[in-house]
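*Asks:* Here the sequence shown is numbered in the UniProt record's numbering, starting from 2 and rising by one per residue. Would you mind keeping the following structure in view while I ask a few things?
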Amino acid sequence: KYKHIFEPLDLGFTTLKNRILMGSMHTGLEEEKNGIDRIATYYAERAKGGVGLIITGGIAPNVQGWTAPFAARMSTEKHAVQHQKITQAVHREGGKICMQILHSGRYGYHPLNVAPSKIKSPITPFKPFKLTQSGINRTIRDFVSCAELAKIAGYDGVEIMGSEGYLINQFIAKRTNKRTDGWGGNYENRMRLPIALVRQVREAVGEDFIIIYRLSMLDLVENGSSWEEVVQLGKEIEKAGATIINTGIGWHEARIPTISTSVPRAAFTWVTKKMKEEIKIPLITSNRINMPETAEKILLDGDADMISMARPFLADPEWVNKAAQEKADEINTCIGCNQACLDHVFEQKVASCLVNPRACHETELNYNTAKIKKKIAVIGAGPAGLSAATIAAQRGHNVTLFDADTAVGGQFNIAKIIPGKEEFHETLRYFKRQLELHGVTVKLNTKVSVGDLLTSDFDEIVIATGIEQRELKIEGIQHKNVLTYLDVLKGQKPVGKRVAIIGAGAIGFDIAEYLTHQGASTALNIDAWLQEWGIDKTFKARAGIEGQKAVSHPSPREVFMFKRSKGKFGGNLGKTTGWIHRATLKKKKVQFIGEVSYTKIDDQGLHYVQNEEQKLLEADTIVICAGQIPHRALYEPLLAAGKKVHVIGGADVAAELDAKRAINQGSRLAAIL
Ligand code: MDE
Ligand code: FAD
Ligand code: SF4
Numbered sequence: 002k003y004k005h006i007f008e009p010l011d012l013g014f015t016t017l018k019n020r021i022l023m024g025s026m027h028t029g030l031e032e033e034k035n036g037i038d039r040i041a042t043y044y045a046e047r048a049k050g051g052v053g054l055i056i057t058g059g060i061a062p063n064v065q066g067w068t069a070p071f072a073a074r075m076s077t078e079k080h081a082v083q084h085q086k087i088t089q090a091v092h093r094e095g096g097k098i099c100m101q102i103l104h105s106g107r108y109g110y111h112p113l114n115v116a117p118s119k120i121k122s123p124i125t126p127f128k129p130f131k132l133t134q135s136g137i138n139r140t141i142r143d144f145v146s147c148a149e150l151a152k153i154a155g156y157d158g159v160e161i162m163g164s165e166g167y168l169i170n171q172f173i174a175k176r177t178n179k180r181t182d183g184w185g186g187n188y189e190n191r192m193r194l195p196i197a198l199v200r201q202v203r204e205a206v207g208e209d210f211i212i213i214y215r216l217s218m219l220d221l222v223e224n225g226s227s228w229e230e231v232v233q234l235g236k237e238i239e240k241a242g243a244t245i246i247n248t249g250i251g252w253h254e255a256r257i258p259t260i261s262t263s264v265p266r267a268a269f270t271w272v273t274k275k276m277k278e279e280i281k282i283p284l285i286t287s288n289r290i291n292m293p294e295t296a297e298k299i300l301l302d303g304d305a306d307m308i309s310m311a312r313p314f315l316a317d318p319e320w321v322n323k324a325a326q327e328k329a330d331e332i333n334t335c336i337g338c339n340q341a342c343l344d345h346v347f348e349q350k351v352a353s354c355l356v357n358p359r360a361c362h363e364t365e366l367n368y369n370t371a372k373i374k375k376k377i378a379v380i381g382a383g384p385a386g387l388s389a390a391t392i393a394a395q396r397g398h399n400v401t402l403f404d405a406d407t408a409v410g411g412q413f414n415i416a417k418i419i420p421g422k423e424e425f426h427e428t429l430r431y432f433k434r435q436l437e438l439h440g441v442t443v444k445l446n447t448k449v450s451v452g453d454l455l456t457s458d459f460d461e462i463v464i465a466t467g468i469e470q471r472e473l474k475i476e477g478i479q480h481k482n483v484l485t486y487l488d489v490l491k492g493q494k495p496v497g498k499r500v501a502i503i504g505a506g507a508i509g510f511d512i513a514e515y516l517t518h519q520g521a522s523t524a525l526n527i528d529a530w531l532q533e534w535g536i537d538k539t540f541k542a543r544a545g546i547e548g549q550k551a552v553s554h555p556s557p558r559e560v561f562m563f564k565r566s567k568g569k570f571g572g573n574l575g576k577t578t579g580w581i582h583r584a585t586l587k588k589k590k591v592q593f594i595g596e597v598s599y600t601k602i603d604d605q606g607l608h609y610v611q612n613e614e615q616k617l618l619e620a621d622t623i624v625i626c627a628g629q630i631p632h633r634a635l636y637e638p639l640l641a642a643g644k645k646v647h648v649i650g651g652a653d654v655a656a657e658l659d660a661k662r663a664i665n666q667g668s669r670l671a672a673i674l
């Protein structure tokens, strides 16, 4: 079925067994105690899962190139010997692995960082030192030595990170390179560094070593490269001896989303396709590709020679084997949420995956066959209950899953309605298939009571009953114009033309996106999405954006968001996605009204106080998104009656967007039941 995915790629001196690349991801394990052992297990599991080639997370060639203080670096033989554990583990499983060399330049989150010019990035607090000419020569030597050490470490090759706005990009773009010497000024000078790096690395490592160059094909920042410049560099990189060119889209400081869930699947493969007209060596495409159908179509259409997927391998190490066996419906799909992966990494925590808590925790979290087979009841089929039930059953237990609703999924059935959150359907599909595969008995439309459980003969009871909405005490809260977010999303109650949202947490933001949107979600339509973010598809605009106007569909209603606290709206949203939600609502002209206290709601609308001044927002609908509390009425009585009972997910701790915690807790409990 996926003929193109499984066609080997002959590189001359070596052959990759299929067209799937596990893209580079820094996981934070690199810097952990026992990190090398943990990372070796993590990569080996992906190699065993059938992936054609793995690229490691970025490893710095020297201290200045660190992403953060004491980040992983390959600059001594000792480092190389340590990494042999990783390469041996991958090779034992029949895999291949390249090491990414990443010099972060001014993105380095530390005071020793360097760049072509002394200009601070908007997303880091540290102003870089300007590299001197001899500093540049030393940097090149460090890259070369890093590649040689990677070879000693047993890697099959290296990837030179030339995208995402890191050091190499900083040299190439006028935005960050204001030098007047031989490394700045005209384009020939600005692209000297990457060409020198590829050429000198090739000379040092010989012919039978993979060199991938990650080329920033669309910078998505002002004063980035034009398409002609990108092509010119691509050709030079090919000449300098690269084996493969990988696609990079957008700098980290770009204010256009490139990998989050609201980005349509395969939204940027048209860029790689265009480059294929210019370059003879194999090209890899990337960004928001997460299922075999999408990958196969890209290859079939000739947009690229290989597909890079990174996060999908956190979500499911067996992705490739499942595709090979035509079991795509068993793939645990990456939903692009960033909640446990990129958000963790940018907060300098070890990465994992919302849908697969084992990711990067392979040495400590395992689902071994249970020694004693038990009869287990799981009450509530939201993400917490689903993960607990499926893993317990996978381990051999006899599991019954109850839910009061007509379908499994809990709040995910509501989340999937939000435009840009369509991927949540995949998680539901995955769990439904797991329920079948592991023979869980599912009892829907069944509201379970304490009495039911007291008289039952279950060995263990897992309470995963989710949340209740927090009640707000405002005069007039019972007014007919007041709705809760559940009335709107689940009840589909009609909403007026002028809406006040009370509460600006994550659900408030989701509701605002839902209410300001009409028609099909742009997350399902690449052209509409590109227009919404002002990205030029004709390759005329510099960096894909200069001079472009973002055109979003106007909102069908006026929306006003209120919160009581001080500070930035959406300040508690995910680190790598919060800005996207803020930008989206600004495009829809949502107004943010903070530091208020609510007085009352009546026929006129919402009365509130701001800056000690009494104010009125004339609104025809007021939507309450004022938080949640755990719904766990079953727990205490069962505990008191001496039952073996556990509570997980929202029923344990109610925090707004916390499927990460729910699935993690459900999985970890099921692992030890
Ligand atoms: P923030 O709140 O968005 O920004 C802070 C303030 O700066 C302003 N800002 C800007 N102003 C002008 N021009 C700009 N371009 C610009 N950018 C930001 C903001 O408006 C804001 O000002 P305010 O509104 O408050 O007045 O967020 P932050 O600074 O806390 O964090 C920013 C992020 C780094 C999280 C971020 O921007 C990120 O979300 N960008 C997108 C990243 C992305 O999705 N990239 C796609 C690929 S990911 C990848 O390739 C690998 C990443 C992992 C690397 S390691 C790589 C190798 O393996 C992680 C290394 C981490 C080391 C610390
Ligand atoms: P729930 O999903 O609430 O499931 C509880 C289940 O228990 C329900 O199906 C209910 O019917 C059932 N139940 C309750 N009582 C009984 C009973 N007595 N008998 C039988 N069944 C019972 N989280 C994220 O991490 N990222 C997001 O992007 C995200 N977006 C969201 C968007 C929206 C609009 C909403 C509403 C939520 C979102 N969430 C998100 C939150 C996430 O869905 C919850 O954290 C998660 O669903 C909690 O899982 P749970 O299994 O604990 O509870
Ligand atoms: Fe994908 Fe979310 Fe898992 Fe990251 S945490 S790998 S984005 S599903």
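Beta carbons are placed, not taken as given, at the ideal position from N, Cα and C, and that holds for glycine.
Give the secondary structure of Val-496 by DSSP, where H, G and I count as helix, E and B as strand, and everything else as coil.
*Replies:* Locating residue 496 in the sequence shown gives position 495, where the first residue counts as 1. Val-496 falls in the coil class under three-state DSSP.
*Asks:* Could you name the residues, in chain order, whose CB is less than 6 Å away from a heavy atom belonging to ligand 3?
*Replies:* Arg-312, Leu-315, Ala-316, Cys-335, Ile-336, Gly-337, Cys-338, Asn-339, Gln-340, Ala-341, Cys-342, Cys-354, Leu-355, Val-356
*Asks:* Could you tell me the alpha carbon to alpha carbon distance between Ile-212 and Asn-446, rounded to whole angstroms?
*Replies:* Within the sequence shown, numbered from 1, the residue matching residue 212 stands at position 211. Within the sequence shown, numbered from 1, the residue matching residue 446 stands at position 445. If you take the alpha carbons of Ile-212 and Asn-446, they lie about 57 Å apart.
*Asks:* What's the C-alpha gap between Ala-90 and Ala-45?
*Replies:* Position 89 of the sequence shown, counting from 1, holds the residue named residue 90. Position 44 of the sequence shown, counting from 1, holds the residue named residue 45. Roughly 5 Å separates the two Cα atoms.
*Asks:* Counting only runs of 3+ residues fully inside the region 362–434, write out the beta strand (DSSP E) ranges in chain order.
*Replies:* For the region 362–434, whole beta strand (DSSP E) runs of length 3 or above, ordered along the chain, are 376–380, 399–403.
*Asks:* Just list the residues that DSSP pairs Cys-99 with in beta bridges.
*Replies:* As a working note, residue 99 is residue 98 in the sequence shown. DSSP, once it has assigned bridges, lists Ile-56, Gly-158 as partnering Cys-99.
*Asks:* My output table needs one value for Ser-556: the three-state DSSP class, helix, strand or coil.
*Replies:* Stepping through the sequence shown from its first residue, residue 556 is reached at position 555. Note: Ser-556 maps to coil in three-state DSSP.
*Asks:* Quick one, are the C-beta atoms of Leu-22 and Leu-54 less than 7 Å apart?
*Replies:* Numbered from its first residue, the sequence shown carries residue 22 at position 21. Numbered from its first residue, the sequence shown carries residue 54 at position 53. Contact flag set, yes.
*Asks:* Check for me: the alpha helix (DSSP H) holding Arg-215 runs from which residue to which?
*Replies:* Start at 1 with the first residue of the sequence shown, and residue 215 comes out as number 214. Segment 211–219 is the beta strand (DSSP E) holding Arg-215; no alpha helix (DSSP H) there.
*Asks:* Pull up the CB-CB distance for Ile-468 and His-632, whole angstroms please, since I reckon it's below 8 Å.
*Replies:* Numbered from its first residue, the sequence shown carries residue 468 at position 467. Numbered from its first residue, the sequence shown carries residue 632 at position 631. Indeed, because the Cβ distance is near 5 Å, the residues count as touching under 8 Å.
*Asks:* Sorry if obvious, but does the Cβ on Ala-73 come closer than 6 Å to a heavy atom of ligand 1?
*Replies:* Reading the sequence shown from its first residue, position 72 is the one you call residue 73. No.
*Asks:* Would you say the beta carbon of Gly-411 comes nearer than 6 Å to a heavy atom of ligand 2?
*Replies:* In the sequence shown, residue 411 corresponds to position 410, counting from 1. Because some heavy atom of ligand 2 lies under 6 Å away, the Cβ of Gly-411 counts as near it: yes.
*Asks:* Would you check if the distance between the CB atom of Ile-602 and the CB atom of His-480 is smaller than 7 Å?
*Replies:* Counted from its first residue, the sequence shown places residue 602 at position 601. Counted from its first residue, the sequence shown places residue 480 at position 479. Yes; because the gap between Cβ atoms is below 7 Å, this pair is in contact.
*Asks:* Considering only heavy atoms of ligand 4, does any lie closer than 6 Å to the CB of Ile-415?
*Replies:* For ligand 4, the structure offers nothing, since it holds only ligand 1, ligand 2 and ligand 3.
*Asks:* Under the three-state reduction of DSSP, which class applies to Arg-74: helix, strand or coil?
*Replies:* On the sequence shown, position 73 is the one that residue 74 refers to. Arg-74: strand per DSSP, three-state reduction.
*Asks:* Measure the C-alpha to C-alpha separation of Val-64 and Gly-106 and round it to an integer number of angstroms.
*Replies:* Start at 1 with the first residue of the sequence shown, and residue 64 comes out as number 63. Start at 1 with the first residue of the sequence shown, and residue 106 comes out as number 105. Roughly 11 Å between the two C-alpha positions.
*Asks:* Where do the ends of the alpha helix (DSSP H) carrying Ile-299 lie?
*Replies:* Position 298 of the sequence shown, counting from 1, holds the residue named residue 299. 293–301 is the span of the alpha helix (DSSP H), which, as asked, contains Ile-299.
*Asks:* Helix, strand or coil for residue 740? Go by DSSP, reduced to three states.
*Replies:* Since the first residue of the chain shown is 2 and the last is 674, residue 740 is not available in this structure.
*Asks:* Alpha helix (DSSP H) containing residue 1: first to last residue?
*Replies:* Limits of the chain in this structure are 2 at one end and 674 at the other, which puts residue 1 out of reach.
*Asks:* In the DSSP output, which residue or residues are listed as bridge partners for Met-276?
*Replies:* As a first step, residue 276 is located in the sequence shown; it is residue number 275 there, counting from the start. Note: Met-276 sits in no beta bridge, so no partner.
*Asks:* Leaving out five residues on either side along the sequence, give the residues of the same chain with a beta carbon under 8 Å from the beta carbon of Glu-279.
*Replies:* Locating residue 279 in the sequence shown gives position 278, counting from the first residue. Within the same chain, Glu-279 has close Cβ partners Val-232, Gly-235, Lys-236.
*Asks:* With a 10 Å radius around its C-beta and 16 neighbouring C-beta atoms as the bar for buried, classify Gly-520 as buried or exposed.
*Replies:* Start at 1 with the first residue of the sequence shown, and residue 520 comes out as number 519. Gly-520 comes out exposed.
*Asks:* Tell me which same chain residues have a C-beta within less than 6 Å of the C-beta of Leu-586, skipping the five on either side of it?
*Replies:* Here the question's residue 586 lines up with position 585 in the sequence shown. Ala-513, listed in sequence order.
*Asks:* Which same chain residues end up closer than 6 Å to Thr-485 when comparing Cβ atoms and leaving out the 5 residues on each side of it in sequence?
*Replies:* Residue 485 sits at position 484 when you count from the first residue of the sequence shown. Gln-470, Ile-625, listed in sequence order.
*Asks:* Inspect the beta-carbon positions of Ile-380 and His-398 and report whether they are closer than 7 Å.
*Replies:* As a working note, residue 380 is residue 379 in the sequence shown. As a working note, residue 398 is residue 397 in the sequence shown. No, Cβ-Cβ distance for Ile-380 and His-398 is not below 7 Å.
*Asks:* How about Lys-576 and Gln-340: do their beta carbons lie closer than 7 Å?
*Replies:* In the sequence shown, the residue the question calls residue 576 occupies position 575. In the sequence shown, the residue the question calls residue 340 occupies position 339. No, the pair does not count as a contact, with Cβ atoms beyond the cut-off.
*Asks:* Under 8 Å: do the region 67–77 and the region 102–122 share three or more Cβ pairs, one atom per stretch?
*Replies:* yes
*Asks:* Relative to the C-alpha of Glu-365, which candidate in Asp-404, Pro-62, Gly-36, Ala-154 has its C-alpha closest?
*Replies:* By 1-based counting over the sequence shown, the position of residue 365 is 364. Nearest in C-alpha terms to Glu-365, of all of Asp-404, Pro-62, Gly-36, Ala-154, is Gly-36.
*Asks:* Less than 8 Å between the CB atoms is what I'm expecting for Ile-630 and Ala-655, so what's the real figure, rounded?
*Replies:* Residue mapping note: residue 630 aligns to position 629 of the sequence shown, counting from 1. Residue mapping note: residue 655 aligns to position 654 of the sequence shown, counting from 1. Yes, they are in contact, since the Cβ atoms of Ile-630 and Ala-655 sit about 5 Å apart, within 8 Å.
*Asks:* With three or more C-beta pairs closer than 8 Å as the rule, is the region 248–261 touching the region 216–226?
*Replies:* yes
*Asks:* Our contact map puts Gly-337 next to Val-441 with C-beta atoms below 8 Å; I'd like the distance itself, whole angstroms only.
*Replies:* Position 336 of the sequence shown, counted from the start, is the residue given in the question as residue 337. Position 440 of the sequence shown, counted from the start, is the residue given in the question as residue 441. About 27 Å separates the two Cβ atoms, so there is no contact after all.
*Asks:* What separation, rounded to the nearest whole angstrom, lies between the Cα atoms of Ser-146 and Arg-215?
*Replies:* Here residue 146 is taken as the residue at index 145 of the sequence shown, counted from 1. Here residue 215 is taken as the residue at index 214 of the sequence shown, counted from 1. C-alpha separation (whole angstroms): 19 Å.
*Asks:* Across which residues does DSSP place Ser-353 in a beta bridge pair?
*Replies:* Numbered from 1 along the sequence shown, position 352 holds the residue referred to as residue 353. DSSP output for Ser-353 lists no bridge partner at all.
*Asks:* Which first and last residues belong to the alpha helix (DSSP H) in which Ile-196 is found?
*Replies:* Position 195 of the sequence shown, counted from the start, is the residue given in the question as residue 196. Segment 193–206, the alpha helix (DSSP H) holding Ile-196.
*Asks:* Would the region 588–601 count as touching the region 561–570 if we require 3 or more Cβ pairs under 8 Å?
*Replies:* yes
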